[in-house]
Each structure stands twice: as C-alpha cells, then as structure tokens.
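4 protein chains.
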Amino acid sequence: MADLRALRGILRLCALLAGLVTIGGPALLAAQSRPDSFASVVSDLVTANRILAAEGILDGLGHVSVRKPGDPSRFLLARSIAPELVTADDILEYAADGEPLDAKGRDSYRERSIHSEIYRARPDVQAIVHCHTPSLIPFAASDVPMRAMYHMAAFVADGVPIFDIRKAAGVTDLLVKDAPLGRALAKTLGTKSALLMRGHGAVIIANSLPNVVGRSVYLDLNARAQLQAIQLGGRLTYVEADEAKLRMSDPNEYSRAWDLWKRKVATGR
Amino acid sequence: MADLRALRGILRLCALLAGLVTIGGPALLAAQSRPDSFASVVSDLVTANRILAAEGILDGLGHVSVRKPGDPSRFLLARSIAPELVTADDILEYAADGEPLDAKGRDSYRERSIHSEIYRARPDVQAIVHCHTPSLIPFAASDVPMRAMYHMAAFVADGVPIFDIRKAAGVTDLLVKDAPLGRALAKTLGTKSALLMRGHGAVIIANSLPNVVGRSVYLDLNARAQLQAIQLGGRLTYVEADEAKLRMSDPNEYSRAWDLWKRKVATGR
Amino acid sequence: MADLRALRGILRLCALLAGLVTIGGPALLAAQSRPDSFASVVSDLVTANRILAAEGILDGLGHVSVRKPGDPSRFLLARSIAPELVTADDILEYAADGEPLDAKGRDSYRERSIHSEIYRARPDVQAIVHCHTPSLIPFAASDVPMRAMYHMAAFVADGVPIFDIRKAAGVTDLLVKDAPLGRALAKTLGTKSALLMRGHGAVIIANSLPNVVGRSVYLDLNARAQLQAIQLGGRLTYVEADEAKLRMSDPNEYSRAWDLWKRKVATGR
Amino acid sequence: MADLRALRGILRLCALLAGLVTIGGPALLAAQSRPDSFASVVSDLVTANRILAAEGILDGLGHVSVRKPGDPSRFLLARSIAPELVTADDILEYAADGEPLDAKGRDSYRERSIHSEIYRARPDVQAIVHCHTPSLIPFAASDVPMRAMYHMAAFVADGVPIFDIRKAAGVTDLLVKDAPLGRALAKTLGTKSALLMRGHGAVIIANSLPNVVGRSVYLDLNARAQLQAIQLGGRLTYVEADEAKLRMSDPNEYSRAWDLWKRKVATGR
C-alpha cells in the first residue's frame, strides 16, 4: 500500500513538471529569443568573451562589456576572471560609476573605469572591448597612424587616437584604475571607434556586442595587414573616408562572422 | 494469426528493401563516383568550402563556386552562410545572371556577381574563389607586383592585376554587388589566374575545384614568401615565365594536396 | 562458514580504508592546499612545464625549476625529459651544487648549472626558466637592446643583458654544462630579470613559479611587439623606468593568466 | 561426443597459439626493439612522415626516406601520398637507381631521384628530407646566405648551397624528375648538410631519421630567426664554425625532441 502511495506521488510530481514545462518552456524560450532580453544579452556577453579568447584578441587579461538592456545607466561585465573562463554566473551588473551592484564577494576588473566612463561619455556606445592584442602593441608604441587597409576595418578610417596615461596623470603603473583616468581616456577616444593605449593595449567600441567583437577581430587583422604593407613598400592605398562611410552604414557588417564564431564556441571548436 | 501476418509483412518489406539496396546501391555509388555527377560535384563544393576555411583562406566571409556539371550556363554556390558551416543543403543553383533558381527563401551572397560575370567572360573557368585572405591584403594595397616565388604558385607568373572599384564606379561601399561591377572585375581579370581587389581581397580561378582550392592555398603561401624575400633582401629570383608554363601543363598539380585536405575535413581534423 | 569469514574480512578492510580516508583525506587535501607544501610545489612545477610547452616557450628542450619549499639550498627540476611530458614522478631534488640527491638512474639536464648558480647568486630568485623561444633568438644575436613595449613586460625595462659564452670560456659547444659556466652566466645576469644567451636562447627569473611562467610568456610577446614596432617605424615609445617600477610592485601581476593556463593544461586544452 | 571432439580441437588450437606467442612473442619484440631491425625502421619512417607533417615541414607534398638497414644500396620511401597519411603499408623499397622493387601498382614520388642520387653520392647519409617549408622559400629565392643563428641549427654553419635547376638543365618544370637532375643536385649539395632549391624548396640530410627530422624542424626555426634578426638590425652574431663543429659532435642532439614528437604523433596530438 505504501508503495502505491509513493508511486502515485511520483506520478503527480511528473504531471506537475510536465505542466510547468508545457507552460513555462515557451515562456523561457521566448525570453531567450527576444533580442533585448536580459538572459539573451547575458548569454551573448558570455559568448563574446569566449569568441574574443578563441580569436586571440583577449588572453588571460582584457574584458568586454555591454550596456544593460532596458537601463542604459547600467552595464554588464564579468567579475575579474580570464575571458575564456567566463560563464553566466560570472556576469555582474555595474552602475554608471563603475561600482558593482551586488558583487557577492567577487572581485571586479581593476580597469572597469574604461567601460563606465566611455558609457557615460558616449550614449551611442552599447558595447566595449579592452584588450592587449599583440598586433596592436607596436601601433600603440609608434606615431605611425593606423589606416583602414580593407573594408572589414572601415571603422579605422576616421582615425585611431593614442591615449598616453603619462600625459593625463604623470607617472602611473599604466592601469586605468579610477574614474578620472577613465574620463581622460574617454576624452581621447572622442567620437572615434577605437583607441590605442601607449604601453598597454587598445579599446574598441560599437553599437552592439556582435559589432564590437567583429571590430576587435578585424582591427587585429587590419593592423597586421598595415604592417605588412609597410614592409612590402611601394605606393600604398587605403580605404577612403567616403568609402568607409558607406561601409559603416551596413548594419549587418559582422553578422555572418558572429554567427560562425558563436557556433564554434558553442560546439567547443 | 494477426501476429503471423504482421511478421510476414515485415519480412516482405525487408526483402523489398534488400532488393532496392542491391540494385539501387551500386547505382548510387556509381552516381557518386562519376567525376562529373551532380551529387559528387555538390559534395566536392561542400568539401572545398570546408578546406578553404580550415586552411585560413576563407573565414566568416568569402565564397567558392563551381560550374554546374552538364550545363555550363549555370553554377553552384552556397547560400549566404560562413563557408565553414556549408552543407549540401546550403548549395543553390544560379543562372548565368547570378540569380538563384530556387532560393527557398534563403539569402544569396551579395557578391555573387563576381562568380556570374567571370563564368560569362571566361568559358575556360570551372571554379572561382573570392576571399579576404590576410596575406593578400597588403598586396592589394600596394603597387609592388606579385611574383611567383616557387613552383606551387607558378600560375602567378603571368601577373596578378589589381581591380580598383573606385576606377570602375567612383565611391562605393567596396562590394561587387551587381552585374556591372562584376563585369568590370572580370574585365580586369582578363586571361589571368588571379586578381587582387584594392581595399578588399582577391579572386582566384581555375579549371576545377581541386585546382582553385590548391591555387588559393598556395597563393597565400606565395604572398608570405614574397614579402619575406623582400625583407630578406639580396638579389631575388623568381619562377620564370617559361618554367611556369611547363609547370601549369601538369593536370594533377594540386591533387595530392586535395586528397590530404579532403580526408582531413572528412575526419574533422 | 568460510564465505562468512571472507565477507567479514572484506567488511573489516572497507572499514579500515574508510577510516583512513576520513582521517587522512583532509590531511592530504590540507597538504595540497598549503601554498608552500612540497606536494603543491611539485604539482605547480609540473603545471609550469606543461604551460610553457603549451604556450610555445619550451619545446623538446629547455627547463623550469623552483627552489625547494622550506630549504632554499635545494631546488626542484625535472629529469632530462621534454617539458611537455613531465609528471610528478620526473621531478628530482637538487643540491646547491646542481647534483641530484637521488637520481635513481635517471639523467639530469646537462645545463642545470644555469639553475644552481643563479640560485646561489640570487637569494631573491625562487624560480628559473631556460628556453630557446624562437622570438628571442634574433635578440640574442643582435646588439639592439630589448625594450619594454607594454606593461605586461615591465620587468624588461631595466635591461636584458646578453651572455656570450665565448667571452667566458672561448670555443665551446654553446652549452652551459658546468658550474664555472653557470657562474659566468649568473654574473652577467646580475640583478636583472632576464638574460639572453648569444647563439642559444634565454633565461628568465622570478620570485615564484606563476611569475616566472608569466614573465616567460610575456617576454616572447614583448619581443615580437618590439620587432614589429621597429618594422613599423616612426617615433617609438616604451614603458618608462618609473612606470615599470610601479608595475613591478604588483604582486599579482600574472595571477589571472596563471589561473587560466593552469586550468587549460588540467583539462587538456 | 562431437561436442567433446570440437572442444578438444579448440583447446589444442589454444595451446598451439599460446606456444607460438610464448616463443615468437619475445622474438617479435626483439625484432621491434633492435634499432636496426627492418620493422622498427619502417615504423620510424612512418613516424618521421607524421612528425614532419605535424611540425609544418611537409604538407601535401614533400617526402622523407631512410637507407635500408643491412643493405645500404637500397632505401625506403613511401609511395606517392601525402606524408600525413603514410602508414607502414605505404612504404616501398627502392634500388640504388630509384626504381621500386615491388610497387604493386602504386605510384612513386616523381622526385625520388633526389633521394637515390644523394644516397649514391654520400655514403655517410642515412636519411633525407625533401620539403617546401614556407620559411625556406625566401632563402631559396635570395643570395643572402643562410647562417646558423643558434646551437639547434649548428649544421647550417658550414653553408647551405642553392641548387638552380636552370643552370643544370635549362628550362624545366622545376621538378628533379630523373637521375641526371638528381646527380646535379647531389653535386651542388657536396659535403653540406642542407641545400636550397631555387623556386622550389629544400633538401636536408643526416646520419639517422631522428637527426634528419630534428634538422628539418630546426632549419625552419633558424630561417625565421635569421630573417627576424635582419629585420631587427644592429650588429649580428652567429654560431661560429668552431662552435658548430663541437655541437655537431653530439650524437644525441635531437633525441629528446624526437622522443617528444614521436609520442605526440602516437597519441594523435
């Protein structure tokens, strides 16, 4: 008799779960699929971290953030962990001043002011990458200006300024560790799409996570191409400003690449 | 009794299937093995996409096509998807004007005019690659001419012209998006085996899929070798035109490499 | 009856094992987790070998050592085997003179004097890497001085001397095979963080295994960046000495990278 | 009764097999372990093919051979297949004139005269690699002489001649396809350890398979280092001839590297 009761209890639990899945499942899927839903943006931010690590843009250091959907005064950024290891549980929410809302004892990236101050200064920016990509370090160390070598890096055409922390704050340990330094960096960025940091690395901005990931990958390829063109010599050509303007009006510029990269990190390749 | 009837029915079905396999199997295999059969060409086109992605010639962007076996006025090209992800179901058939015969709602590559207009202008061309291979971008940006550094890229020896879309059509977004632009590009290609696109990438043509894949891979290696030779300095030598001509009379030039690449993508390496 | 006795014996053995695990388990875990415990240092040394191989710093040759916890007159170094293959069983203990305490018939690295003589000359050094990293060979062959291109290689800022074995000992087979050669190399190193060996490779020192691994990886990236900056041209900037000093006061400089690398070799990626 | 007989027959067969394994097993193992046994040399030749492919020295083309143990007038070389795909069944035996003894309908590499003619001219040579390694193509195209940048490529120190097939035979398709061309190449090689082929690639020789594989890998690394040193500038140093001579007296120069590479290809890494 006890066995029958236990069996009936199990069957009732199964019915309840089935009901929940039937009603709640589509709700969950809908939540995932709404492009601006919180869960889907967190998922894309985790994906962005993994892609940037897989493509060699970020290694143990560097970070990527995105404005919070529905509340532009906040942004999402992982806790202080290597991008390759970021999971949804590592994503923290930050206020406009760069302070985490609920850190739960976890450390934040020391250079989060790069993100908070650019979001403050640039309402058009929706996603930011800070990286130490090897190909960009020589350009951060030279006064030879970056040029757009091909259409995939058209956003470089209006110039990539260099932020020199020494000019902003004298002798430092080279880290943009507070709001004043972040503001100085955002000021140097101005209206541009990317910035180099002398003796440090780079910052890339865009109007979406797919676009900031695409821009970061192609900024690396573009830098390599420019160095090689200089080594090749001859009379060099670049993407012209008017051509770059037309290219940048394409809203889906990096979408096919994003789809590929997203699928590759999902399947662990 | 009902059970016996069901069993007899199943046995009859098995006999029918066995017969079909016995008769139809070899027919299917023969279809696959005939070098010009439609199914085997579609399979090779999928393989070519995967090889070019694996070898770093194509990434999220770029594409490869082949003339339709038995109907040279048509060609096969994947729908708009990253080459690495192409499957047989993604292959569409295109008419001579670059329009898909039955898209089934799927998008086509915007630059398919590169393929359609070259097939029109060059009856000898059986397969075409359009790529943004990183090593080619510097050469597309410089007036230093490409040279054949070794026998594997002998097809470079008679020259690699540069197509500048600005000369053809003024200010554009750099994409060869329509037939007039495709015709201008095909005109620049002339009788050559490859062409560079200023601020964009390259196009490679050949008389078969294995050869266009081989040429694309070795064009990349040759470009790197030429840049390094220039950096090395000294008095440089190249493959001479008469040597190149003899090399290109070898019909199996890239076959051993194709066999290796084909097997590697099949086994997921 | 015999069966019952056997069963009772088995049950007693299980109880004994359970007791041992209950008492001994936490003791073992505590041993692993104490940062300076012998077992955890041996484990970290194996990990360091694997990371340096995975990151391309060491290949079939080269080695990494660490001072023995609790006895600074001794150090730990693998027997003569490729770093990628090192396991805990391959770690040997060495005396201050570079001789193994209990080789058990296994061969030692011929160039262990690099380690023994630096440990003798530099009480501050806790870990040493000797490598033939490809990017460092050109710098070992040139009198162009290494410079710190970015914050991740700040330790380069006070200079990287070149040890020329010919100046120390005339004609040799280029290997630092004995104590006098090790002493000459340690003398050239002086108080610096890294040294180049003409016609051979490099040596990197640090105050911990994570830091010597981090320094070795970023010395490679820094060398590549410096060469590229020279190729790029223009007016070049570097990390200044005062900036470098502030950077090097950060005790956790390479810890996030170490955590990532450690996890990757543990999971076989 | 029939069952009992069958069972007895099976038991007798087992006893026979056990006997064969007991007696023959050690004999087989001894055959594998004798360094010069035919089976172990074939196995090492397969391994050498796989290593050279994994290390980027050979791709779809190129080949490696070894003199036949016990009969120096013969040599072993795979049939015409990509090195990465070579198995023991692909290894053919060749006579001194470069003709296969029993091809069983399989094609031979067209350039086997490189091997046959060097074996004829150089009794000291036990193994030969012919490759198109990308880093060597610029050196094959320039009159800047190769130099030994570090101890791992000491064998380069006495010079690397360039074989120009045009000087030997006028206009060709650049392949060393017959004995006269092989003899011309062997003559250019002289007593050296490696040779470059203008517009083609390189040939490396050694006194064993491990050493020809080690030399081929480090020739590639050395070429990259030399190019980078030239780009770096400054006053350059090299391995001196007397130092190189001492290095080359080390019989185990590449053995630790060979052990690592062998284990990696065996485990599919």
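Chains as they are written, first to last, in the working numbering: chain X, 1 to 269; chain V, 270 to 538; chain Y, 539 to 807; chain P, 808 to 1076.
For glycine and all other residues, C-beta sits at the position ideal for the given N, C-alpha and C.
Check each candidate in the options and name the one with the smallest Cα separation from residue i.
{"i": "Pro683 (chain Y)", "options": "Y:Pro610, Y:Leu734, Y:Arg588", "result": "Y:Leu734"}
{"i": "Ser793 (chain Y)", "options": "Y:Ala782, Y:Gly771, Y:Gly643, Y:Asn749", "result": "Y:Asn749"}
{"i": "Glu791 (chain Y)", "options": "Y:Val667, Y:Gly752, Y:Val803", "result": "Y:Gly752"}
{"i": "Gln376 (chain V)", "options": "V:Ala351, V:Cys400, V:Ala410, V:Gly439", "result": "First, the amino acid is wrong: residue 376 (chain V) is Asp here, not Gln. Checking every option, the nearest Cα to that of Asp376 (chain V) belongs to V:Ala351."}
{"i": "Ser844 (chain P)", "options": "P:Arg874, P:Ala855, P:Glu918, P:Ala1064", "result": "P:Arg874"}
{"i": "Ala453 (chain V)", "options": "V:Ala498, V:Thr460, V:Ile383, V:Lys461", "result": "V:Ile383"}
{"i": "Val239 (chain X)", "options": "X:Leu232, X:Gln226, X:Ala39", "result": "X:Gln226"}
{"i": "Glu637 (chain Y)", "options": "Y:Asp628, Y:Asp627, Y:Arg648", "result": "Y:Arg648"}
{"i": "Leu662 (chain Y)", "options": "Y:Ile675, Y:Leu774, Y:Asn745", "result": "In the sequence as presented, Leu is not what sits at residue 662 (chain Y); that position holds Asp. Comparing Cα positions, the closest option is Y:Asn745."}
{"i": "Gly977 (chain P)", "options": "P:Arg819, P:Val967, P:Leu988, P:Arg919", "result": "P:Leu988"}
{"i": "Arg74 (chain X)", "options": "X:Gly60, X:Asp59, X:Ala95", "result": "X:Ala95"}
{"i": "Ala885 (chain P)", "options": "P:Gln1035, P:Ile898, P:Ser923, P:Ala947", "result": "P:Ile898"}
{"i": "Arg435 (chain V)", "options": "V:Met418, V:Tyr419, V:Thr457", "result": "V:Thr457"}
{"i": "Asn200 (chain X)", "options": "X:Asn222, X:Ser193, X:Thr191, X:Phe163", "result": "In the sequence as presented, Asn is not what sits at residue 200 (chain X); that position holds His. Checking every option, the nearest Cα to that of His200 (chain X) belongs to X:Phe163."}
{"i": "Gly594 (chain Y)", "options": "Y:Gln664, Y:Ser673, Y:Ala641", "result": "Y:Ser673"}
{"i": "Gly608 (chain Y)", "options": "Y:Ser618, Y:Ser578, Y:Leu623, Y:Leu596", "result": "Y:Ser578"}
{"i": "Ala975 (chain P)", "options": "P:Ser1000, P:Arg1005, P:Phe962", "result": "P:Arg1005"}
{"i": "Arg416 (chain V)", "options": "V:Ser349, V:Tyr487, V:Leu478", "result": "V:Tyr487"}
{"i": "Lys1052 (chain P)", "options": "P:Lys984, P:Phe962, P:Thr1044", "result": "P:Phe962"}
In chain Y, what lies closer than 8 angstroms to residue i by C-beta?
{"i": "Leu1043 (chain P)", "result": "Ala679, Ser680"}
{"i": "Arg198 (chain X)", "result": "Thr775"}
{"i": "Arg1054 (chain P)", "result": "Asp711, Leu712"}
List the DSSP bridge partners of residue i.
{"i": "Ala78 (chain X)", "result": "X:Ile91"}
{"i": "Ile1012 (chain P)", "result": "P:Ile935"}
{"i": "Leu734 (chain Y)", "result": "Y:Ile700, Y:Ala740"}
{"i": "Lys606 (chain Y)", "result": "Y:Asp609"}
{"i": "Leu774 (chain Y)", "result": "X:Ser142"}
For the putative contact between residue i and residue j, defined by C-beta atoms under 8 angstroms, what is the C-beta separation to the nearest angstrom?
{"i": "Asp442 (chain V)", "j": "Arg247 (chain X)", "result": "5 angstroms"}
{"i": "Ala426 (chain V)", "j": "Ala510 (chain V)", "result": "5 angstroms"}
{"i": "Ala448 (chain V)", "j": "Glu362 (chain V)", "result": "With 8 angstroms as the limit, Ala448 (chain V) and Glu362 (chain V) do not qualify as a contact, their Cβ atoms being about 18 angstroms apart."}
{"i": "Ile406 (chain V)", "j": "Leu232 (chain X)", "result": "So it is not a contact: roughly 10 angstroms between Cβ atoms."}
{"i": "Lys531 (chain V)", "j": "Thr356 (chain V)", "result": "Lys531 (chain V) to Thr356 (chain V), Cβ: 16 angstroms. No contact."}
{"i": "Gly883 (chain P)", "j": "Val936 (chain P)", "result": "Sequence check: residue 883 (chain P) is Leu here, not Gly. About 14 angstroms; that fails the 8 angstroms criterion."}
{"i": "Tyr688 (chain Y)", "j": "His132 (chain X)", "result": "7 angstroms"}
{"i": "Gly1041 (chain P)", "j": "Asp681 (chain Y)", "result": "5 angstroms"}
{"i": "Val1072 (chain P)", "j": "Arg857 (chain P)", "result": "4 angstroms"}
{"i": "Ala1009 (chain P)", "j": "Ala947 (chain P)", "result": "7 angstroms"}
Mind pulling the chain P residues with CB within less than 7 angstroms of residue i?
{"i": "Leu765 (chain Y)", "result": "Gln1035, Gln1038, Leu1039"}
{"i": "Leu623 (chain Y)", "result": "Leu1067, Arg1070"}
So with CB distances below 8 angstroms, who are the chain V contacts of residue i?
{"i": "Leu209 (chain X)", "result": "Those do not exist, as Leu209 (chain X) stays about 15 angstroms from chain V at its closest Cβ, beyond 8 angstroms."}
{"i": "Pro1008 (chain P)", "result": "Here residue 1008 (chain P) turns out to be Gly, not Pro, going by the sequence shown. Tyr419, listed in chain order."}
Using the beta-carbon of each residue, which ones in chain V are nearer than 9 angstroms to residue i?
{"i": "Leu136 (chain X)", "result": "Per Cβ cutoff of 9 angstroms: no residues; Leu136 (chain X) is ~15 angstroms from chain V at best."}
{"i": "His939 (chain P)", "result": "Tyr419, His420, Met421, Leu490"}
Show which residues of chain X have a CB atom less than 9 angstroms away from the CB atom of residue i.
{"i": "Glu380 (chain V)", "result": "Neighbours of Glu380 (chain V) on chain X: none; closest Cβ ~11 angstroms, over 9 angstroms."}
{"i": "Ala795 (chain Y)", "result": "Asp59, Gly60, Leu61, Ala82"}
Counting only Cβ pairs nearer than 9 angstroms, list the residues of chain Y close to residue i.
{"i": "Asp1057 (chain P)", "result": "Asp711, Leu713"}
What residues of chain Y sit near residue i, judged by a beta carbon separation below 7 angstroms?
{"i": "Arg973 (chain P)", "result": "Near Arg973 (chain P) there are no residues of chain Y at all, since even the closest Cβ is about 33 angstroms away, more than 7 angstroms."}
Check the Cβ of residue i against every Cβ in chain P and list those closer than 9 angstroms, keeping chain order.
{"i": "Glu512 (chain V)", "result": "Ile972, Arg973, Val978, Thr979, Asp980, Leu981, Gly1006"}
Strictly below 8 angstroms CB to CB, what residues from chain P border residue i?
{"i": "Arg493 (chain V)", "result": "Pro941"}
Could you give the uninterrupted runs of the beta strand (DSSP E) lying entirely in the stretch 79-167 of chain X, keeping only those of 3 residues or more?
-> 91-94, 127-131
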